[in-house]
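Engineer: So for the sequence shown, the working numbering puts the first residue at 16; every next one is plus one.
Note that the Cβ used here is the ideal one computed from N, Cα and C, for glycine as well.
Here it is, the structure, as structure tokens.
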Amino acid sequence: QYVPFPLSEVALSLEIVRKTRENGKESIDLLLAAAPKSLVEKTMNILKMAGLIPVSIEMEIISMARSLIAPNHEQVLLVDFGAKATDLAIVENGAIVFVYSIPTGGEALTRALSLELGLELSQSEAYKKSYGIDPEKLEGRVGAALEPTLTTIVSELKKAIQFYQEGGKNIQRVILSGGGAALPEINTFLAKELNLEVQVGNPFIQINDNGLLGKIPPYERALYSVAVGLAMKEI
């Protein structure tokens, strides 16, 4: 009832998130990950063709959470701005307890900017990356063009936060990842809209980077969160 595919066509993985006991009864919360076997096999074959030995496959958001959020007692909303979608996860005490995908991402922002300002897509992409939603750049025209699409994403983020709060807990901060995390002033915009502390993620905070961090511009560091998260799993 949780997977929209026949179970015979799906690769499943379960992870215990937490165990609780109430009124003498123990309950277990599980994180269920599922993917079509055809997609898993295709990915495995690509790795083998590249001369690599596949050891494990996991959801990107899990790898990101591992590298960006230290296992502590915080409740954190992790937001991954991808090209086609924006994925989010709520992480509690170092464990993912909620995952959701919003079918709006960086490409939608680029198209909105192109339509509003009459630009080619390639130029819109360049403007988006250079000016973001900074009100001081180009008289705020780029930010104004991006804001309606960003508001759609914010609306979904608020729904996820509200859903979590109904359980009696509060999100303490938001961490951004993915290409969209590099948009100028995106953290300021989201902090105002969500009334929460918002940070661009740094996947190197938990490891000894041997001087690598100084070679990577701050706005690009979040792009390494999946790779670092996989390495931390010792894959």
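1) Taking Ile176 as the reference, which of Tyr239, Pro118, Glu107 and Ile201 has the closest Cα?
2) Considering only DSSP beta bridges, list what Ala50 is partnered with.
3) Thinking Gly97 and Gly120 are a contact (beta carbons under 8 Å), I'd like their distance in whole angstroms, please.
4) Phe178 lies in the alpha helix (DSSP H); which residues open and close that run?
5) Per DSSP, Tyr115 forms a beta bridge with which residues?
6) In this structure, what does DSSP give as the bridge partners for Ile43?
7) Any idea what DSSP makes of Gln90, helix, strand or coil?
8) Could you tell me if Leu29 is buried or exposed, where buried requires 16 or more neighbouring beta carbons within 10 angstroms of its beta carbon?
9) Please determine, among Ala123, Ile76, Lys152 and Ser145, the residue with the shortest C-alpha to C-alpha distance to Ser116.
10) Go ahead and pull the three-state DSSP assignment for Glu212.
11) Three-state secondary structure (DSSP) at Val70?
12) Are three or more beta carbon pairs between the stretch 147 to 167 and the stretch 54 to 69 nearer than 8 Å?
13) May I ask you to report which of helix, strand or coil DSSP gives Leu6?
14) Taking the C-alpha atoms as reference points, what is the distance between Val241 and Phe204?
15) So, at 6 Å on beta carbons, what are the nonlocal neighbours of Val169 in its own chain, with the 5 sequence-adjacent residues on each side left out?
16) Anyone know if the C-beta pair for Tyr234 and Pro218 falls short of 8 Å?
17) How do the stretch 179 to 191 and the stretch 87 to 103 stand: do at least 3 beta-carbon pairs fall below 8 Å, yes or no?
18) Checking the sheet assignment: what are the DSSP bridge partners for Arg188?
19) For the ligand FAD, I want to know if Lys144 counts as a neighbour, meaning its beta carbon is within less than 7 Å of at least one of the ligand's heavy atoms.
20) Return the chain-ordered list of same chain residues with a C-beta closer than 8 Å to the C-beta of Ala85, the five sequence neighbours on each side being excluded.
21) Which one of Val112, Lys52, Leu103 and Leu128 has the shortest CA to CA distance from Pro118?
Structural biologist: Per the coordinate set shown:
1) Glu107
2) Ala26
3) 5 Å
4) Arg156 to Gln180
5) Leu103
6) Lys34
7) strand
8) exposed
9) Ile76
10) strand
11) coil
12) no
13) The structure shown does not extend to residue 6, since the chain is modelled only from 16 to 250, so the question has no answer here.
14) 25 Å
15) Glu208
16) no
17) yes
18) Val91 and Glu212
19) With respect to small molecules bound, the structure shown includes none, and the ligand FAD cannot be examined in it.
20) Gly109, Ile220 and Gln221
21) Leu103
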